[in-house]
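Q: Input: one structure, supplied below.
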């Protein structure tokens with residue numbers, strides 16, 4: 674009886690794959706390691722007849738799972754118009770939300786463009802411009818500060834005006 678069990682385990686062990694995964698752990702399976710596993714990481718392979726059976730089983734299983742995955746998707750779209758309507762409504766809401774956000778951004782850019790052009794006219798007219806410094810005191814823009822402000826204003830116009 675013991676010899677029968679030993680032969681049984683030996684036969685099963687001969688049908689096992691043994692490999693080291695990417696994290697370094699040793700894996701055992703009756704199926705081959707995942708695609709992309711280097712040959713140097715495969716520590717043990719089943720006998721040739723077992724390998725052929727394993728490949729056939731993998732091919733059958735993958736074909737069956739692909740067919741099974743395709744059927745429910747087609748059946749679900751035909752069988753559940755309520756689900757399809759909910760999905761369509763969600764897409765429409767998402768599109769409306771995106772459109773509202775785009776309009777908000779466009780309005781802000783138009784407002785920034787208008788302000789920048791107005792400030793540029795003020796700076797280029799040569800009028801005295803006063804600003805408040807960090808201490809809270811009023812200071813007039815000199816020629817250097819006016820040129821810097823004109824440069825910043827031009828950058829704002831380039832960024833916000835189309």
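Residue numbers (our numbering): 674 to 835.
For every residue, glycine included, the Cβ atom is placed at its ideal position computed from N, Cα and C.
Model, not experiment: these values are computed from the prediction.
Return helix, strand or coil for residue 805, following the three-state DSSP convention.
A: For this step, residue 805 is matched to residue 132 along the chain shown. Three-state result, residue 805: strand.
Q: Between residue 822 and residue 800, which are expected to be in contact by the criterion C-beta below 8 Å, what is the C-beta distance as a whole number of angstroms?
A: In the chain shown, counting from the first residue as 1, residue 822 sits at position 149. In the chain shown, counting from the first residue as 1, residue 800 sits at position 127. Wrong, their Cβ atoms sit about 12 Å apart, outside the cutoff.
Q: Please report how far the alpha carbon of residue 804 lies from the alpha carbon of residue 764, in whole angstroms.
A: Along the chain shown, one-based indexing puts residue 804 at 131. Along the chain shown, one-based indexing puts residue 764 at 91. Distance between the alpha carbons of residue 804 and residue 764: 49 Å.
Q: If you draw a straight line from the C-alpha of residue 676 to the C-alpha of residue 753, how long is it?
A: Looking up residue 676 in the chain shown gives position 3. Looking up residue 753 in the chain shown gives position 80. Low per-residue confidence applies at residue 676: pLDDT is 49, beneath 50, and the placement is therefore not dependable, though the value from the model is reported in the following sentence. Distance between the alpha carbons of residue 676 and residue 753: 59 Å.
Q: Suppose the cutoff is 7 Å on Cβ atoms and the five residues either side in sequence are ignored; what does the same chain contact list for residue 830 look like?
A: Here residue 830 refers to the residue found at position 157 of the chain shown. Excluding residues within five positions, the ones whose Cβ falls inside 7 Å are 786, 789, 790, 793.
Q: Going straight from the alpha carbon of residue 772 to that of residue 766, what length do you get?
A: Residue mapping note: residue 772 aligns to position 99 of the chain shown, counting from 1. Residue mapping note: residue 766 aligns to position 93 of the chain shown, counting from 1. Computed Cα separation, rounded: 10 Å.
Q: What three-state label does DSSP hand residue 812 in the structure shown?
A: Here residue 812 refers to the residue found at position 139 when the chain shown is read from its first residue. Residue 812: strand per DSSP, three-state reduction.
Q: For residue 699, which residues of its own chain have a beta-carbon under 6 Å away from its beta-carbon, when the five flanking residues on both sides are left out?
A: Here residue 699 refers to the residue found at position 26 when the chain shown is read from its first residue. Only 693 meet the Cβ criterion.
Q: What is the DSSP secondary structure of residue 716, counted as helix, strand or coil?
A: Taking the chain shown and counting its residues from 1, one reaches residue 716 at position 43. If DSSP states are grouped into helix, strand and coil, residue 716 belongs with the strands.
Q: Do you know how far the Cα of residue 826 is from the Cα of residue 820?
A: The count along the chain shown starts at 1 and reaches residue 820 at position 147. The count along the chain shown starts at 1 and reaches residue 826 at position 153. Between residue 820 and residue 826, the C-alpha separation is close to 10 Å.
Q: Whole angstroms is fine: what's the gap from residue 815's alpha carbon to residue 808's?
A: Residue mapping note: residue 815 aligns to position 142 of the chain shown, counting from 1. Residue mapping note: residue 808 aligns to position 135 of the chain shown, counting from 1. Their Cα atoms are separated by approximately 18 Å.
Q: In the DSSP assignment, find the unbroken alpha helix (DSSP H) run with residue 794 in it and report its ends.
A: Stepping through the chain shown from its first residue, residue 794 is reached at position 121. Segment 754–797, the alpha helix (DSSP H) holding residue 794.
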